[in-house]
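Reminder that position 152 of the sequence shown reads as 158 in this note's numbering, one-by-one numbering, no gaps.
We treat Cβ as the ideally placed atom computed from N, Cα and C, and that holds for glycine.
Source: prediction; values computed, not measured.
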Amino acid sequence: MTRVVVLDYGSGNLRSAERALRRVGADVEVTADHRAALAADALVVPGVGAYAACMTGLDAVRGGRIIGERLAGGRPVLGICVGMQILFERGVEHGIESAGCGEWPGTVERLHADVLPHMGWNTVRAAEGSVLFDGLDDDARFYFVHSYGVRKWELVPDSTLRAPLVTWANHGEDFVAAVENGALCATQFHPEKSGDAGAHLLENWLSSTR
Numbered sequence: 007m008t009r010v011v012v013l014d015y016g017s018g019n020l021r022s023a024e025r026a027l028r029r030v031g032a033d034v035e036v037t038a039d040h041r042a043a044l045a046a047d048a049l050v051v052p053g054v055g056a057y058a059a060c061m062t063g064l065d066a067v068r069g070g071r072i073i074g075e076r077l078a079g080g081r082p083v084l085g086i087c088v089g090m091q092i093l094f095e096r097g098v099e100h101g102i103e104s105a106g107c108g109e110w111p112g113t114v115e116r117l118h119a120d121v122l123p124h125m126g127w128n129t130v131r132a133a134e135g136s137v138l139f140d141g142l143d144d145d146a147r148f149y150f151v152h153s154y155g156v157r158k159w160e161l162v163p164d165s166t167l168r169a170p171l172v173t174w175a176n177h178g179e180d181f182v183a184a185v186e187n188g189a190l191c192a193t194q195f196h197p198e199k200s201g202d203a204g205a206h207l208l209e210n211w212l213s214s215t216r
């Protein structure tokens with residue numbers, strides 16, 4: 007059984023994530039403990055609310071360091087919603103720029119859409135060869151709640167490294183819906199609130215961590 011820590015840094019649907027991961031067979035602990043987060047087979051970083059507030063909470067539990075140390079050792083990490091956004095270099099909300107974890111270049115900013123927040127079910131355009139979306143139909147729907155996102159993928163391809171797989175969705179414009187980058191994966195939507203499709207994705211992720 008895969009041991010998963012859901013990182014508790016004061017932000018996120020912790021219990022929803024815990025229940026969803028248990029549903030697909032994980033042994034789950036919700037904690038801010040540094041050692042437990044580093045020792046787990048896999049780490050989930052959830053997040054809801056404002057980018058800056060999430061980064062403040064993450065910094066308080068040394069979350070950026072935990073993520074960095076895990077990735078340096080090839081240990082799996084999954085970011086969800088704002089937990090995905092903080093993996094990028096920066097977030098801009100209400101004209102205020104906040105530094106993120108910097109695992110990927112790019113800016114989280116307000117979407118250009120007539121209706122915000124983007125709230126409800128939406129399809130995605132899964133990247134070719136995706137592990138997360140393997141076995142899911144093109145019309146599978148996932149649950150989104152956000153007004154901000156990554157509107158442009160800025161990581162320059164490197165011929166020596168495998169390029170990340172980037173999945174897109176659209177609400178007024180295209181935005182990044184998921185990323186698969188070796189040990190680091192992330193979704194803008196909430197798989198833990200996405201019913202059977204979300205459970206299938208979490209099961210795929212767990213399988214990839216073993």
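Three-way DSSP call (helix, strand, coil) for residue i in this model
i	result
I73	helix
E68	Before going further, note that residue 68 is Arg rather than Glu in the sequence given. Three-state DSSP puts R68 in coil, outside helix and strand.
T215	helix
G89	helix
T193	strand
Top-ranked residue by Cα proximity to residue i, from the options
i	options	result
A58	Y154, E198, R168 and L161	Y154
A32	L171, V10 and G63	V10
M2	C191, A132 and V34	Residue 2 lies beyond the residue range present for the chain, which begins at 7 and ends at 216; the question has no answer from this structure.
I72	V51, G178 and N128	V51
A133	T113, W159, A184 and R116	A184
G29	D202, S214 and R216	The sequence given here has Arg at residue 29, not Gly. Nearest C-alpha to R29: D202.
Residue span of the beta strand (DSSP E) that contains residue i, given as start and end
i	result
T37	D33 to T37
G97	F94 to E99
E103	I102 to A105
Same chain only: Cβ atoms within 7 Å of residue i, ignoring 5 sequence neighbours per side
i	result
W211	L84, L138 and C191
A56	E99
Cutoff 6 Å; reference residue i; Cβ partners in own chain excluding five residues on either side
i	result
D180	W174
Which residue spans inside the stretch 109-181 form an unbroken beta strand (DSSP E) run of at least 3? Counting only runs of 3 or more, we get 110-116, 124-128, 148-152, 154-156 and 171-176.
For a minimum of 4 consecutive residues, which ranges assigned as the alpha helix (DSSP H) are wholly contained in the stretch 13-59? Runs of the alpha helix (DSSP H) inside the stretch 13-59: 20-29 and 40-45.
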